[in-house]
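Chain order of the listed sequences is L and F.
If you read the first sequence in our numbering, its first letter stands for residue 702, the second for the next number, and so on.
If you read the second sequence in our numbering, its first letter stands for residue 702, the second for the next number, and so on.
Glycine included, each C-beta is placed from N, C-alpha and C at the ideal position.
Below is one structure, written out as structure tokens, with a few remarks after it.
Protein chains: 2
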Amino acid sequence: MTDDGLKAARDRIDRLDEQLQALIGERAGLAQEIARIKADIDGEAGDCYRPAREAEVLRAVAARNRGPLSDETVVRLMREVMSACLALESPLKVAYLGPEGTYTQAAVYKHFGHSVTAVPLAAIDEIFREVEAGNADYGVVPVENSTEGVVSHTLDQLVGSRLSIVGEVALAVHHHLLSHASDLSEVKRVVSHAQSLAQCRKWLDAKLPSVMREAVASNGEAARMVRDEPAAAAIAGRAASELYELPILCANIEDEPNNTTRFLVLGQQSVPATGEDMTSILVSIHNRPGMLHRLLAPAADAGVDLSRIESRPSRRQAWDYNFFIDLEGHVAEDRVRQVIDRIEAEAAHLKILGSYPRAVL
Amino acid sequence: MTDDGLKAARDRIDRLDEQLQALIGERAGLAQEIARIKADIDGEAGDCYRPAREAEVLRAVAARNRGPLSDETVVRLMREVMSACLALESPLKVAYLGPEGTYTQAAVYKHFGHSVTAVPLAAIDEIFREVEAGNADYGVVPVENSTEGVVSHTLDQLVGSRLSIVGEVALAVHHHLLSHASDLSEVKRVVSHAQSLAQCRKWLDAKLPSVMREAVASNGEAARMVRDEPAAAAIAGRAASELYELPILCANIEDEPNNTTRFLVLGQQSVPATGEDMTSILVSIHNRPGMLHRLLAPAADAGVDLSRIESRPSRRQAWDYNFFIDLEGHVAEDRVRQVIDRIEAEAAHLKILGSYPRAVL
């Protein structure tokens, strides 16, 4: 009876797989057709990757999802299908801050799918250079970790570059305290990667103030070290907890509850509005009393949210500052355009770094 | 007119995406149903990953493919769908030889899709230990590079382990000579990673005998170094050629035309026959004249192909040898079973390391 049920379900999966495969093949054929039509219009192989359309399609995928797969998983699968179809013409070349196996590489694949040629480079300025030279179609660089702050090399490069920000990627990072100890009071030693220790510093100061902290090469290594030592705890993710059967003594101990790492996608094009966009601008001002307040007033007046503001000393002159400001909305929207115009009137210099779709999941 | 065609094709893609998504959701629901039925039968959460069925399904996918996507791409996409559905119950834990970003990690994702918890470990014996202890469901270890030979640590661990080989993964690796030189005679220096230099040694000895070889950290680094130096060449892959706009002066210069790296998947179960299988056995013999020939005779007599034979000195006793032999076929097949029985009669000891599906693409 149940064996029959098993066979019936498996047969249905087989038929479904055939349909799925047929649809994927058909979709790839349509992608080729679009490339041909665009080539007719433009007289050359067109730029088939369109960040705005991709964001819109994937948002629609998430909105339609009724489970049982998570929104994130369904979006990832559909992105892989889109990525493979797009690569039929010629795979996108994406330069990123290497080495392989880093979060930045994960961000590349999260944003573009796996059907791209992802090339690790050793430094942020090299990525800008390769994209500017047209050797790579896009670049992906880290810009912000919500606990450790901004990646200043990226901001500095944005000042002089003619590239635009064409997208953003967000990766969530959670930390847990793993230990066989039955209570926090039993923990005499905490082991983790230095960055994870830093990202949980406040929590550690509050809960385990007198406990020794030890930095090791990776969070996985930390988990392995403490599994036979009940007086020790590791800070690591869920995967390490599962692998080493280390109970989660305290979950989500990162100081910043929304501990995400944010990346920018750099390119040569400008991206049309999708309805859920961000605009990044660079503003240079001479530092005078009240200047920052005057700079921010236009956005407040217009009800345009500023999601981030970051100051960096300018390299041109002492007491000159560059401000990196993220506004919600797209420069093609009047209210955003007006805010930018008003800021520009106050500033020594203003540069629009890009308007781009907000990260999809 | 063509703009209308563009819009029509895009609308069709939108409708296709909706259908695709609906099918993926339905497939995930069926996977859950299968898990429930299996739990009813077994009285607990069943082991839903079945290497033999997965290989059969993916072979059928490749056989059905009519383009325009490559077999490899379609198989990869379908594998990701299967991987995501399987992970709905509980994601597989796969331990592999790290660090992240290595070929072994790529082999994990190629074999299992991305919906697994992949855990990098520092040494091959740790991977065996974690799978034996049940902390990881599967392990992935390199076993053979067709130019550089076998990974002896893996063979040595197989001797004493009670794990079975439940699968194999093959990754193709191609090397090209990249240079702005217009002719080989202009090349005065060849730069690459030491392993790539080794994998092209014969070709270099024949074509560039007196040219200096320089080992650097990675093939990508090598390509970057030579792009402004026409008297130099790098050995690297196609991605580096594209990124640095370095012409391929000579393609596929690896000494072994089928330069693949092979990995084994280790697990606790035994895998039923799929019709395209391999069987790996370990044979210990006392080294006597003519012994190896007697060992191989049964397979030759029965017409069973030996795809690989590898000898390692035994650790037990001087002059004792272990032979690792790969036979085509599955122990459940009579002719394979008979060959193994005949070999066993000649040997001091024989251990079946596993029968498993051949790598799908």
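Could you tell me the alpha carbon to alpha carbon distance between residue i and residue j, rounded to whole angstroms?
i	j	result
F/H854	F/A937	27 angstroms
L/E943	L/P931	17 angstroms
L/M702	L/R713	Any reading at L/M702 must be qualified, since the residue scores a pLDDT of 48, below 50, and its modelled position is unreliable; the value itself is stated next. About 17 angstroms.
L/D1035	L/D1027	16 angstroms
L/E789	F/F1025	Looking at the sequence shown, residue 789 of chain L is not Glu but Leu. Near 41 angstroms, if we compare the C-alpha coordinates of F/F1025 and L/L789.
F/D741	L/K708	14 angstroms
F/H772	L/E755	The residue asked about is misnamed: residue 772 of chain F is Asp in this sequence, not His. Taking the straight line from one Cα to the other gives about 25 angstroms.
F/K903	F/S1008	24 angstroms
L/V867	L/A753	9 angstroms
F/I738	F/Y804	37 angstroms
L/V966	L/L864	10 angstroms
L/M913	L/S897	15 angstroms
L/L909	F/G835	32 angstroms
L/S791	L/L872	27 angstroms
F/R939	F/A819	27 angstroms
F/D704	L/Y1057	24 angstroms
F/S1111	L/T774	With chain F covering only 702 through 1062, there is no way to say anything about residue 1111 of chain F.
Would residue i and residue j be called neighbours here (beta carbons separated by less than 8 angstroms)?
i	j	result
L/R728	F/L717	yes
F/V888	F/A895	no
F/V1061	F/A763	yes
F/L905	F/C951	no
L/K811	L/D838	no
L/S880	L/L770	no
L/E1029	L/R995	no
L/G726	F/G768	yes
L/V782	F/L721	yes
F/A941	F/G921	yes
In its own chain, which residues sit with a C-beta less than 6 angstroms from the C-beta of residue i, not counting the 5 before and 5 after it?
i	result
F/K1052	L983
F/F964	A808, V841, P843, V870
L/P999	V1040, R1043, I1044
L/V776	L759, V762, A763, L1062
F/M992	I986
F/A974	H1031, A1033
L/E977	R1059
L/H876	S897, C901, I936, I954, E955
Under DSSP, the beta strand (DSSP E) around residue i begins and ends at which residues?
i	result
L/V776	Note, L/V776: premise wrong, no beta strand (DSSP E); alpha helix (DSSP H) at 772–787.
L/H877	877–879
F/D1021	1021–1029
L/S1008	1007–1014
Cutting at 7 angstroms between CB atoms, please list the residues of its own chain near residue i, excluding the five before and the five after it.
i	result
F/V892	E915, V917, A923, M926, V927, A933, A935
F/Q858	I825, D826, F829
F/S1100	Nothing can be reported for residue 1100 of chain F, as the shown portion of chain F is limited to 702 through 1062.
F/A732	C786, L787, L789
L/E833	S862, R863, L864
F/H860	Reading off the sequence shown, one finds Val at residue 860 of chain F, where the question assumed His. Same-chain partners within the cutoff: L983, N1023.
For residue i, count the other beta carbons within 10 Å of its own beta carbon; 16 or more makes it buried, fewer makes it exposed. Which is it?
i	result
L/D929	exposed
L/E831	buried
L/H1031	buried
F/A1001	exposed
F/D715	exposed
L/E719	exposed
L/G1055	buried
F/H987	exposed
F/M979	buried
L/M779	buried
L/S911	exposed
L/S886	exposed
F/A907	exposed
L/A723	exposed
At what residues does the alpha helix (DSSP H) containing residue i begin and finish?
i	result
L/R989	Unbroken run through L/R989: none, as it is neither H nor E.
F/L885	Element bounds for F/L885: n/a, residue is neither H nor E.
F/Y804	804–813
F/R695	No answer is possible for residue 695 of chain F: the residues shown for chain F start at 702 and end at 1062.
F/L1054	Segment 1050–1058 is the beta strand (DSSP E) holding F/L1054; no alpha helix (DSSP H) there.
F/G1107	Lying outside 702 to 1062, the shown extent of chain F, residue 1107 of chain F is not represented and no answer is given.
Once you ignore the five residues that flank residue i on each side, which residues in its own chain have a CB closer than 8 angstroms to its CB?
i	result
F/T848	Residue confidence is low: F/T848 scores 49 on pLDDT, short of 50, so the model does not pin down where it sits. Its coordinate-derived value is still stated next. Excluding sequence neighbours, F/T848 sits near A899, Q900, E955, D956, E957, N960.
L/L822	A796, Y797, L798, G799, I828, E831
F/Y1022	S985, I986, N988, S1012, R1013, P1014, S1015
L/R1038	V1032
F/I735	C749
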